[in-house]
Each structure stands twice: as structure tokens, then as C-alpha cells.
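Engineer: Protein chains in written order, with the numbering used here: chain W, 1 to 171; chain L, 172 to 342.
Every residue gets a Cβ at the ideal spot worked out from N, C-alpha and C, and that includes glycine.
Here the structure is a predicted model, which means the values were calculated and not measured.
Shown below is the structure under consideration.
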């Protein structure tokens, strides 16, 4: 298989399992922070199981002229919500831990606002050499599954959702 | 049928159709604003078709003590992004137009930041008497479907996604 294909229902089941594992760790988040735009759908699914508010942050690797940038930067941050982070237990959500650069960037931004604790949950972790690292303040890191370093096709990126289903079923 | 049940793939197809209708109107948004948390998943799906950045706003009907409030208020707003709204064409996204109060609230908040234009797209509009109204500045309002005033079960609220599929299939 050259690429991974997931259906929405696959993702929903992975999120449910992640939610159960979060509960098992004993970590009780006050709120989740969703890294946009890949984290929006997993974060909304997770809300059904953990029932915590979602703060959304936008992270981009392109500039205003749509040119690629080497490092991530914020396109939406949570100025108004900073007071909601201080002293709180944050569960940070994204779809995939690829190079780990985005995750490290987000964690470091969140740490500046002095949360009580940060845990990280991603749908998928790619087994590869990472350019970024998880800061030591983060004690809990959960991945729904470890994947080989192949292209991942998420259902929300599909133009034709029926073709996505067929590919995910190996047809 | 007492309730409506939708699968993720139903929603994905509705979003695709909505995207096509947005294009047909000639309205070319600079960015989308997703009303959280119901609008997060439709907005992320829509991004695949319209390829515009998403700003997320959180709207709640409960206060810090989790008590119900009669009117919506913001739990995350887009302070940093206000300059991104001014003079821009905004497509506002939510999952359902129920009482229309949330939509009106969001539109009025957005209008304060002087966008060039606002269009509204919702997955579903409930045919009922509305407590809120769409301000006259909004020239384009699109709903993926009009529904009777029944409870709508969205897939992201399902604990058991297989049961949701079965209910949606009428089993």
C-alpha cells in the first residue's frame, strides 16, 4: 500500500479509543485546543466523548502570498482565551504527528500562557525521524495509531467521498 | 420519522453541493468563519472544495458555571484576526439554522469589523418560526437542505458510529 486511506467512521472510532485512553491516564482536561485545520474534525469528535470546550488555533506553513514557509506560524491565536489557559489542564489535539514541528510550536506557545498541564493526543503518529520534539513539560502523549512514513489520505480531504470509502476498503 | 440521522458521508456530500452552489452565486469568499462547535466539521470539509482559510469562533449558550443562558455569547472570538475580516468577503458556516439566534448574533459581530460582504451557508435549515433574523447586509443565504422541525442527530454527536449508520439507513 502506497498511501493510507481512512473513512470518517475509522476516524470516529480512533477518537473514541483515544478518549478512553485519555480517561485511563487519569488526566482530566479542562479544555481541548484543536490545531487547525487538521485537528478541527478530530477535536469536534472528541468533544462528544470528553465533553470539554474546544479552543481552535490556526497554524500555517504559508504566508500571505501563499508562499511556503519553513516553520509554522499562527493564523489564528487565542488572545481572548489566554486567561482560559492559565492554570488549566489542556488537551492538545491534531490529526497527525509528522515532523513534530507543528506540535512543538503549539506546545511552546501554550506553555507561555502557563497552563497547569498539557497532554497531547493525535490520531496518527508517523514513525520517522522528527525535526521537532515534545517539550519535557508534556507528560502524556497519545497516538491513536503509529503509521509508516507514507502519505495519509484523510476523508475530509476527499473530493469524492465514495472513492475514498472504496480506497479505504482496498477496492 | 421522529429524528433525522445523518452519516458523515451524507454531510460530506451536502458540503460538496453547498460549495458548488456558493461558486454558482459568483460569491468568492476570502475566508470562512466557522461557528463552533457545530460548524467546525462542515467548515473543514468545505475547505477541501473552496480552499480558503478557516477562522473559528466559539459561541455558547452556557456560562462559566455551565448554566444555560438565553442568548449566545462568545467563548472564543477572533481578536487577532479582526484585521483579516475588514474589507474581506466572509463565508459564515454553521451546521443548522434552528432558531436563527446564533446566526444573527455572529453576523452582527462580524459586521462590526466591516467586512466587504458576508454570505451564510448552513447544512440544514429548520422550517420553523425564527427568533433571530438574517440582517439585510447579508445577500446570500444557502442551506444544504430544509428540514422539518425535528431533532437532528449529527454523526459527530454519536457515541456509537455504527448505530448512527444503521439509524441513518433506517434500520
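#1: Short of 6 Å in beta carbon distance, which residues of its chain neighbour residue 135 of chain L, apart from the five on each side in sequence? Order them along the chain.
#2: Go ahead and label residue 84 of chain W buried or exposed: buried means 16 or more other beta carbons lie within 10 angstroms of its beta carbon, across all protein chains shown.
#3: Using only CA atoms, which one of L/327, L/338, L/302 and L/339 lies nearest to residue 14 of chain W?
#4: Is there a Cβ of chain W sitting closer than 8 Å to that of residue 238 of chain L, yes or no?
#5: Just mark residue 297 of chain L as buried or exposed, buried being the case when its beta carbon has 16 or more other beta carbons within 10 Å.
#6: Does chain L have any CB closer than 8 Å to the CB of residue 47 of chain W?
#7: Determine the burial state of residue 32 of chain W: buried for a count of at least 16 other Cβ atoms within 10 Å of its Cβ, exposed for fewer.
#8: What in chain W is Cβ-close to residue 207 of chain L, meaning under 7 Å?
#9: Which chain C residues sit within Cβ distance under 9 Å of residue 289 of chain L?
#10: Does DSSP classify residue 165 of chain W as helix, strand or coil?
#11: List the residues of chain L that residue 157 of chain W touches, going by C-beta distances under 8 Å, in chain order.
#12: If you follow the beta strand (DSSP E) that residue 199 of chain L is in, where does it begin and where does it stop?
#13: Determine, for residue 9 of chain W, whether the minimum Cβ-Cβ distance to residues of chain L falls below 8 Å.
#14: Measuring straight from C-alpha to C-alpha, what distance separates residue 67 of chain W and residue 223 of chain L?
#15: List, in chain order, every chain W residue whose beta-carbon is nearer than 7 Å to that of residue 332 of chain L.
#16: Does residue 211 of chain L come within less than 8 Å of chain W when only Cβ atoms are used?
#17: For residue 30 of chain W and residue 92 of chain W, what's the separation of their Cα atoms in angstroms?
#18: Nearest to residue 310 of chain L by CA position, among L/285, L/329 and L/289, is which residue?
#19: Are the CB atoms of residue 37 of chain W and residue 187 of chain L within a distance shorter than 8 Å?
#20: Measure the C-alpha to C-alpha separation of residue 333 of chain L and residue 324 of chain L and round it to an integer number of angstroms.
#21: Does residue 86 of chain W get closer than 8 Å to chain L when you measure Cβ to Cβ?
#22: Given a cut-off of 8 Å on the beta-carbon distance, is the pair residue 108 of chain W and residue 135 of chain W in contact?
#23: Looking at C-alpha atoms only, which residue of W/121, W/159, W/160 and W/171 is the closest neighbour of residue 21 of chain W?
Structural biologist: In brief:
#1: Residue 135 of chain L cannot be examined here, being either before or after the span of chain L that is shown, 172 to 342.
#2: The residue you call residue 84 of chain W lines up with position 84 of the first chain. With 16 or more Cβ atoms within 10 Å of its Cβ, residue 84 of chain W is classed as buried.
#3: One-based indexing of the first chain puts residue 14 of chain W at position 14. Residue L/327 is the option with its Cα nearest to residue 14 of chain W.
#4: The residue you call residue 238 of chain L lines up with position 67 of the second chain. Closer than 8 Å: no.
#5: For the purposes of this step, residue 297 of chain L is identified with residue 126 of the second chain, where counting begins at 1. When all chains shown are included, residue 297 of chain L counts as buried.
#6: Mapped onto the first chain, residue 47 of chain W falls at position 47. Chain L contact via Cβ: present.
#7: Your numbering for residue 32 of chain W matches position 32 in the first chain. Label assigned to residue 32 of chain W: buried.
#8: Counting from one through the second chain, the residue named residue 207 of chain L turns up at place 36. Result: 54 and 56.
#9: Here chain C cannot be found, since the structure's protein chains are W and L.
#10: Here residue 165 of chain W refers to the residue found at position 165 of the first chain. It is helical.
#11: Looking up residue 157 of chain W in the first chain gives position 157. Chain L residues near residue 157 of chain W: 219.
#12: Residue 199 of chain L sits at position 28 when you count from the first residue of the second chain. Residue 199 of chain L -> no beta strand (DSSP E), and no H or E assigned at all.
#13: Along the first chain, read from residue 1 onward, the residue named residue 9 of chain W stands at position 9. Yes - at least one Cβ of chain L is within 8 Å of the one on residue 9 of chain W.
#14: Within the first chain, numbered from 1, the residue matching residue 67 of chain W stands at position 67. Within the second chain, numbered from 1, the residue matching residue 223 of chain L stands at position 52. Whole-angstrom Cα-Cα distance: 15 Å.
#15: To locate residue 332 of chain L, count along the second chain from 1; it is residue 161. What residue 332 of chain L touches in chain W: 9, 12 and 13.
#16: Locating residue 211 of chain L in the second chain gives position 40, where the first residue counts as 1. It does; some Cβ of chain W falls within 8 Å.
#17: As a first step, residue 30 of chain W must be located in the first chain, where it is residue number 30. As a first step, residue 92 of chain W must be located in the first chain, where it is residue number 92. When rounded, the distance between both Cα atoms is 11 Å.
#18: By one-based count along the second chain, residue 310 of chain L stands at place 139. Closest option to residue 310 of chain L, Cα to Cα, is L/289.
#19: Here residue 187 of chain L is taken as the residue at index 16 of the second chain, counted from 1. Here residue 37 of chain W is taken as the residue at index 37 of the first chain, counted from 1. No, they are not a contact pair.
#20: Sequence index remark: in the second chain, residue 333 of chain L carries index 162 (1-based). Sequence index remark: in the second chain, residue 324 of chain L carries index 153 (1-based). Rounded to whole angstroms, residue 333 of chain L to residue 324 of chain L spans 13 Å at the Cα level.
#21: Start at 1 with the first residue of the first chain, and residue 86 of chain W comes out as number 86. Closer than 8 Å: no.
#22: Taking the first chain and counting its residues from 1, the one referred to as residue 108 of chain W is at position 108. Taking the first chain and counting its residues from 1, the one referred to as residue 135 of chain W is at position 135. Result yes, Cβ atoms of residue 108 of chain W and residue 135 of chain W sit closer than 8 Å.
#23: Here residue 21 of chain W is taken as the residue at index 21 of the first chain, counted from 1. Selected option, being the one with the closest Cα: W/121.
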